[in-house]
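Notes to accompany the following structure.
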Amino acid sequence: MKTKTWSLTTRISHWLLAIGFTVAYITGENEWQMNYHYAFGALVGGILFFRILYGIIGPKYSNFKDFPMGISQQIDFIKNYFSKNHTYVGHNPLASLVMFSMMFLGIFTAFTGYLWATESAHFLGFTFTEEMVEEGHEIGAKLFLILVFAHLAGIFADTIFHRKTGTLGSIFTGYKNVQADASKTNAFHKIFSILWLGIPMILFYLAFGLPVNDRGNERENEEEDEWESLLYPDKNSEKSPMNLIVKLTKNRSNVDGTSLASSSRQTETNTTVNTESNSIQSYAQNSQYYTENSNDEREYYEHEEHSKHHHIKREHHDYDEDDD
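Following this note's numbering, the numbering of the sequence shown begins with 258 at its first residue and continues without gaps.
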């Protein structure tokens with residue numbers, strides 16, 4: 258036997274919520290996608306706001322009165338989870354906690370996103386800093402994602418251990434395979450359903466047209482300025498860290514230059530000394546060569562002179578003999 262559990266509006270809002278959060282989470286990092294982030298974030302916030310109202314005025318199983326969230330009910334659910342006869346028509350105790358937390362956490366995340374997008378610092382007499390809003394929005398989104406995974410894990414486990422109940426299929430058809438009182442909606446619920454789906458769509462359109470602030474780039478510029486202020490606390494001061502670094506570098510260059518110049522001069526001196534030493538040595542060798550050659554030539558000339566003198570003397574002797 259099947260029992261109607263979820264109304265058409267509940268099912269439509271469920272899937273709009275799933276799509277809206279997925280797109281909003283994906284588009285939250287890139288500036289060129291920020292309009293989509295605003296729009297789908299506003300859609301999520303609007304749907305959850307009316308879902309909370311529907312939890313107060315809604316029909317059976319959607320009303321918070323049918324959410325078994327007590328501690329004793331949680332303990333009983335855990336103890337009898339694997340029992341085939343222990344079934345729930347609406348949300349089980351753990352799913353009730355997850356759904357209830359997702360509603361209010363989603364509202365908080367959407368609200369902080371609205372403050373961030375519109376750069377609103379004041380709300381109902383409260384003042385919020387930019388850091389508070391940004392951190393709150395990011396933490397809320399991450400916690401909401403954790404609850405989404407918890408919800409999916411619960412659906413997966415319920416599909417394995419309680420397949421006959423048809424929990425997964427009920428979000429498509431609206432019916433569960435259990436015998437219980439059906440959920441009934443009246444005219445007021447139907448009128449409310451129009452507002453529930455219509456107003457979030459209007460918020461989606463309005464949020465898409467919000468101007469995208471450039472605070473991401475501004476934050477990067479501020480970080481660069483902070484680094485610059487650390488390096489240049491006073492650009493005209495010789496005691497600024499960067500100027501000290503530059504000065505130290507110049508001094509090191511001067512020292513290296515002086516050392517290089519000294520080394521060059523020393524090398525030049527050594528070269529000069531070596532050159533002079535080689536010149537002296539060469540001169541000495543040449544002098545010795547010339548000296549030796551000079552002695553040889555002198556001996557040669559003396560020998561020639563002696564021979565010539567001897568020849569002349571002999572000629573005179575021959576001449577005297579002829580006269581006789």
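Glycine included, C-beta positions come from ideal geometry on N, C-alpha and C. Being a predicted model, the structure only gives us computed values, none of them experimental.
- If you compare the alpha carbons of I304, V301, A281 with that of Y293, the shortest gap goes to A281.
- In the three-state reduction of the DSSP assignment, Y311 falls in the helix class, which pools H, G and I.
- If you check the CB distance, Y318 and V346 come in under 8 Å.
- Relative to the Cα of L300, the nearest Cα in the group N342, L454, D415 belongs to L454.
- Within its own chain, the residues whose Cβ lies closer than 7 Å to the Cβ of V390, once the five positions on either side in sequence are excluded, are T369, L372, W373, listed in chain order.
- In the DSSP secondary-structure assignment, T384 is bridged to H379.
- In the DSSP assignment, K433 forms a beta bridge with T260.
- Just so you know, the alpha carbons of I459 and A296 end up roughly 10 Å apart.
- Here the alpha carbons of H408 and H446 stand approximately 26 Å from one another.
- Taking all protein chains in view, the Cβ of H343 is surrounded by fewer than 16 other Cβ atoms within 10 Å, so the residue is classified as exposed.
- Counting C-beta pairs with one atom in each stretch, the stretch 258-267 and the stretch 410-422 have fewer than three that are closer than 8 Å, which means they do not touch.
- In the three-state reduction of the DSSP assignment, K317 falls in the coil class.
- Per DSSP, reduced to three states, the secondary structure at L362 is helical.
- Of the residues Q436, S427, L467, T384, the one whose Cα lies closest to the Cα of W272 is S427.
- Per DSSP, reduced to three states, the secondary structure at Y338 is coil, with no helix or strand assignment.
- Between L305 and I269, the C-beta spacing is not below 8 Å.
- Here F357 is near F324, since their CB atoms are less than 8 Å apart.
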